[in-house]
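Colleague: One structure is given below, represented as structure tokens, and several questions about it will come after.
2 protein chains.
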Amino acid sequence: MSGMASRTRGPERRREPLSRERIVAAAVELLDTVGESGLTFRALAERLATGPGAIYWHVAGRSELLAAATDAVLTAAAVGDGPDATPHETVRALALGLFDAIDDHPWVGTQLVGTPSQSPMLPVFEQLGRQVRALGVPRGAWFSAVSALWNYILGVAGQNAANARMPQPATADRTAYLGSVADDWAALDADRYAFTRAVAGQLREHDDRAEFLTGIDLILTGITAHRWPTG
Amino acid sequence: MSGMASRTRGPERRREPLSRERIVAAAVELLDTVGESGLTFRALAERLATGPGAIYWHVAGRSELLAAATDAVLTAAAVGDGPDATPHETVRALALGLFDAIDDHPWVGTQLVGTPSQSPMLPVFEQLGRQVRALGVPRGAWFSAVSALWNYILGVAGQNAANARMPQPATADRTAYLGSVADDWAALDADRYAFTRAVAGQLREHDDRAEFLTGIDLILTGITAHRWPTG
DNA sequence: ACCTGAACACCGTTCAAGT
DNA sequence: ACCTGAACACCGTTCAAGT
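For the record, the sequence lines run as chains G and Z. Each residue of the first sequence is one higher than the one before, starting from 0 at the first, in numbering that gives the first Met the number 0. Each residue of the second sequence is one higher than the one before, starting from 0 at the first, in numbering that gives the first Met the number 0.
Take a look at the structure:
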């Protein structure tokens, strides 16, 4: 009873011992609130009520910390594939799970495009691949087909991360921001930028998430319709 | 006469005056040789035989410098569209031009995915868009269709940049590196990673450039085959 | 107008010293 | 074993002072 009480004593100042878990959690919080450039060993140390050196006992350095934070977010966002779902539906669910995770934690996008050995992404790659296989793509084209989905997803991730890195005042009101870019487009030279001008309205009204899904559908259509070399 | 002589005295130590152009050229050289983290105002100043402060007279700061360097490379790589080319061929040429530019200057990839207001990329966007239009995509779907191509291209750019950022010793021999990753894949759990294992051989033998083009073809196939909502 | 280079306010990382 | 925090070797950027 007193044991339980001491374990749940509430928001006391008594510091819990440092641990990799606590450090990573604090890092994620910092990344979410102040962005990638705000993740500083000094800021992190302050938040954990310790010195910067202490962190190095549990984590090798800044890049390992970023990787661990990414891993934590992606693990939490892991998608289970419904048993009765079509390959198409499963790919959509998978891609949407990633999209939403990156929407909540834009720095993950930067991390994903910046990490070539995508260890935390390997399960995603596997799942995407299985759906490609289920779509009837010839074996010799499996790698190409997943790569297309893969690169598209990472491309969107990177763009989202870039948007989130922009100065806050400019992007605080997303629709206002899109509107101003659309205005810029609409003001371009009528001959040299005829297409961009014509599409300014669609930029203004587009929904990132829906657009992302349309791209997925498009690539899936391409994967099934493409005349793959028999292999 | 003495004036001319003094202007063309040859490779003397006499320093040319600083200029935005010279600074950007030196920055590109530095980025190509020592990578993005090697672009330092001190290193740049040394190369230009001046102090770090001098650079700020011509350039607002580091990020403007990176943008200017990217702009310089992309302008040099600008592709003219052949007059008799099909939309499909033009998209391929455009995408390939970008791919090769990023292959030569991987830091450009980082820069492109990191810059949302893609001013130096606007002409590329316009060209891609015109081809989409020429493919007969309904007007209401123009934006979605270019976006898919766009995000795919930027995704590949980001991946290439990430690969180039990896520690040199590991990636000096590209085929050896791919081989080792393929070995890792082949050693994965047979049940949970059946697809990834099956595709390890294709990873080992794949050609980045060809793979990239396959993805472009795939998306173009999707764009033409997709059942766009009429609009 | 343009350049110089010391100085400022930061970083990530290390390490002797503590407990 | 784990933590502390000063110190080191860097950064980008500023700015008084020079020419």
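All C-beta atoms in this analysis are idealised placements derived from N, C-alpha and C, irrespective of residue type, glycine included.
1. Within 10 Å of its beta-carbon, does G/Val33 have 16 or more other beta-carbons around it, so buried, or fewer, so exposed?
2. When DSSP labels each residue in this structure, what does G/Thr109 get in the three-state scheme?
3. Which of helix, strand or coil does DSSP assign to G/Glu45?
4. Taking 9 Å as the CB-CB limit, is Z/Tyr151 close to chain G?
5. Report the neighbours of Z/Arg129 on chain G: residues whose CB is nearer than 7 Å to its CB, in chain order.
6. Verify the CB distance criterion: does Z/Thr213 have a CB-CB separation below 9 Å to chain G?
7. For Z/Tyr55, count neighbouring Cβ atoms within 10 angstroms of its own Cβ and tell me buried if that reaches 16, exposed if not.
8. So, does the CB of Z/Leu73 fall closer than 9 Å to a CB anywhere in chain G?
9. Which of the three DSSP states is assigned to G/Leu29 in this structure?
10. With G/Asn159 and Z/Tyr151 assumed to form a contact (beta carbons below 8 Å), what rounded beta-carbon distance in angstroms separates them?
11. Report buried or exposed for Z/Glu45, applying the criterion of at least 16 other Cβ atoms within 10 angstroms of its Cβ.
12. Compare the C-beta of Z/Ser36 with all C-beta atoms of chain G and state if any pair is closer than 9 Å.
13. If you draw a straight line from the C-alpha of G/Thr69 to the C-alpha of G/Val23, how long is it?
14. Would you call the stretch 52 to 66 of chain Z and the stretch 88 to 105 of chain Z in contact, with 3 or more CB pairs under 8 Å?
15. Quick one: what does DSSP say Z/Ala181 is sitting in, helix, strand or coil?
16. Report all residues from its chain with a CB closer than 7 Å to the CB of G/Val136; omit the five preceding and five following residues, and keep chain order.
17. Give the secondary structure of G/Pro165 by DSSP, where H, G and I count as helix, E and B as strand, and everything else as coil.
18. So which residues of chain Z does G/Ser146 contact, with C-beta pairs closer than 7 Å?
19. Is G/Arg191 close to chain Z, meaning its C-beta is less than 9 Å from at least one C-beta of that chain?
20. Z/His87 lies in the alpha helix (DSSP H); which residues open and close that run?
21. State yes or no: is the beta carbon of Z/Pro119 nearer than 9 Å to at least one beta carbon in chain G?
22. So the alpha helix (DSSP H) G/Arg191 belongs to, where does it begin and stop?
23. In chain order, what residues of the same chain lie with their CB nearer than 8 Å to the CB of G/Gly37, ignoring the 5 residues before and after it?
24. So is G/Gln110 buried or exposed if we call it buried at 16+ other beta carbons inside 10 Å?
25. Looking only at its own chain, which residues have a Cβ that is under 7 Å from the Cβ of G/Leu153, when we skip the five neighbours before and after it?
26. Taking C-beta pairs closer than 7 Å, name the residues in chain G that Z/Gly104 reaches, listed in chain order.
27. Do Z/Ala186 and Z/Tyr176 have their C-beta atoms within less than 9 Å of each other?
28. Just the Cα atoms here: how many angstroms apart are G/Gly214 and Z/Glu15?
29. Is the distance from the Cβ of Z/Leu73 to the Cβ of Z/Glu35 below 9 Å?
30. So is Z/Met165 buried or exposed if we call it buried at 16+ other beta carbons inside 10 Å?
31. Have a look at Z/Leu95 and Z/Phe40 and give me their C-alpha separation to the nearest angstrom.
32. Residue range of the alpha helix (DSSP H) that G/Thr39 falls in?
33. Taking G/Thr223 as part of the alpha helix (DSSP H), name the residues at either end of that continuous run.
34. Excluding the five sequence neighbours on either side, which residues of its own chain have a C-beta within less than 8 Å of the C-beta of Z/His104, listed in chain order?
35. Which chain Z residues sit within Cβ distance under 9 Å of G/His87?
36. Do the CB positions of G/Glu88 and Z/Phe142 come within less than 9 Å of each other?
Modeller: Taking the geometry as given:
1. In the first sequence, residue 33 of chain G corresponds to position 34, counting from 1. G/Val33 comes out exposed.
2. As a first step, residue 109 of chain G must be located in the first sequence, where it is residue number 110. DSSP places G/Thr109 in helix when its eight states are reduced to three.
3. Translated into the one-based positions of the first sequence, residue 45 of chain G becomes position 46. In the displayed model, G/Glu45 falls within a helix according to three-state DSSP.
4. The sequence position of residue 151 of chain Z within the second sequence is 152, counting from 1. With respect to chain G, the C-beta atom of Z/Tyr151 has a partner C-beta closer than 9 Å.
5. Position 130 of the second sequence, counting from 1, holds the residue named residue 129 of chain Z. Within chain G, the residues near Z/Arg129 are Phe194.
6. Taking the first residue of the second sequence as 1, we reach residue 213 of chain Z at position 214. Chain G has a Cβ within less than 9 Å of the Cβ of Z/Thr213.
7. Numbered from 1 along the second sequence, position 56 holds the residue referred to as residue 55 of chain Z. So Z/Tyr55 counts as exposed.
8. The count along the second sequence starts at 1 and reaches residue 73 of chain Z at position 74. Judged by the 9 Å Cβ criterion, Z/Leu73 is not in contact with chain G.
9. What you label residue 29 of chain G is simply residue 30 of the first sequence in a count that begins at 1. Reduced to three states, the DSSP call for G/Leu29 is helix.
10. Here the question's residue 159 of chain G lines up with position 160 in the first sequence. Here the question's residue 151 of chain Z lines up with position 152 in the second sequence. Rounded to whole angstroms, the Cβ separation of G/Asn159 and Z/Tyr151 is 15 Å, and the two are not in contact under 8 Å.
11. As a first step, residue 45 of chain Z is located in the second sequence; it is residue number 46 there, counting from the start. The residue is exposed, with fewer than 16 neighbouring Cβ atoms inside 10 Å.
12. The sequence position of residue 36 of chain Z within the second sequence is 37, counting from 1. No, because no Cβ of chain G sits closer than 9 Å to the Cβ of Z/Ser36.
13. On the first sequence, position 70 is the one that residue 69 of chain G refers to. On the first sequence, position 24 is the one that residue 23 of chain G refers to. Straight-line Cα distance between these residues: approximately 9 Å.
14. They do not touch, by the three-pair rule.
15. On the second sequence, residue 181 of chain Z is found 182 positions in, with the first residue counted as 1. In this structure, DSSP gives Z/Ala181 a helical state, which the three-state scheme calls helix.
16. Taking the first residue of the first sequence as 1, we reach residue 136 of chain G at position 137. For G/Val136, the CB contacts under 7 Å within the same chain, skipping 5 residues up- and downstream, are Ala144, Ile222 and Trp227 in chain order.
17. Along the first sequence, one-based indexing puts residue 165 of chain G at 166. It should be pointed out that residue 165 of chain G corresponds to Met in this sequence rather than to Pro. In the three-state reduction of the DSSP assignment, G/Met165 falls in the coil class.
18. Start at 1 with the first residue of the first sequence, and residue 146 of chain G comes out as number 147. Simply Glu210 and Gly214.
19. On the first sequence, position 192 is the one that residue 191 of chain G refers to. Taking Cβ atoms only, chain Z reaches closer than 9 Å to G/Arg191, which makes this a yes.
20. Numbered from 1 along the second sequence, position 88 holds the residue referred to as residue 87 of chain Z. Under the DSSP assignment, Z/His87 falls in the alpha helix (DSSP H) whose first and last residues are Pro86 to Asp103.
21. Indexing the second sequence from 1 puts residue 119 of chain Z at position 120. No - not a single Cβ of chain G is within 9 Å of the one on Z/Pro119.
22. Reading the first sequence from its first residue, position 192 is the one you call residue 191 of chain G. Note, G/Arg191: premise wrong, no alpha helix (DSSP H); not H, not E.
23. Along the first sequence, one-based indexing puts residue 37 of chain G at 38. Excluding residues within five positions, the ones whose Cβ falls inside 8 Å are Leu29 and Leu30.
24. Indexing the first sequence from 1 puts residue 110 of chain G at position 111. A buried status is given to G/Gln110, since no fewer than 16 other beta-carbon atoms sit within 10 Å of its beta-carbon.
25. Indexing the first sequence from 1 puts residue 153 of chain G at position 154. Excluding positions up to five away in sequence, the list reads Leu111 and Val112.
26. Taking the first residue of the second sequence as position 1, residue 104 of chain Z is located at position 105. Here residue 104 of chain Z turns out to be His, not Gly, going by the sequence shown. Result: empty, since nearest Cβ-Cβ is about 17 Å, beyond 7 Å.
27. Indexing the second sequence from 1 puts residue 186 of chain Z at position 187. Indexing the second sequence from 1 puts residue 176 of chain Z at position 177. For the 9 Å CB-CB criterion, Z/Ala186 and Z/Tyr176 do not form a contact.
28. Within the first sequence, numbered from 1, the residue matching residue 214 of chain G stands at position 215. Within the second sequence, numbered from 1, the residue matching residue 15 of chain Z stands at position 16. Cα-Cα distance, rounded: 51 Å.
29. Indexing the second sequence from 1 puts residue 73 of chain Z at position 74. Indexing the second sequence from 1 puts residue 35 of chain Z at position 36. No, the Cβ-Cβ distance between Z/Leu73 and Z/Glu35 is not below 9 Å.
30. Working through the second sequence from its first residue, we reach residue 165 of chain Z at position 166. With fewer than 16 other Cβ atoms inside 10 Å of its own Cβ, Z/Met165 counts as exposed.
31. The sequence position of residue 95 of chain Z within the second sequence is 96, counting from 1. The sequence position of residue 40 of chain Z within the second sequence is 41, counting from 1. Take the alpha-carbon of Z/Leu95 and the one of Z/Phe40: they are about 33 Å apart.
32. In the first sequence, residue 39 of chain G corresponds to position 40, counting from 1. Boundaries for G/Thr39: no alpha helix (DSSP H) harbours it, and the DSSP string shows neither H nor E there.
33. Taking the first sequence and counting its residues from 1, one reaches residue 223 of chain G at position 224. Per DSSP, G/Thr223 is one residue of the alpha helix (DSSP H) stretching across Asp207 to Ala224.
34. For this step, residue 104 of chain Z is matched to residue 105 along the second sequence. Here the set comprises Val27, Leu30, Asp31 and Val72.
35. Counted from its first residue, the first sequence places residue 87 of chain G at position 88. Annotation: G/His87 has no Cβ neighbours in chain Z at a cutoff of 9 Å; minimum Cβ distance is about 13 Å.
36. Mapped onto the first sequence, residue 88 of chain G falls at position 89. Mapped onto the second sequence, residue 142 of chain Z falls at position 143. In this structure, Z/Phe142 does not lie closer than 9 Å to G/Glu88 by Cβ.
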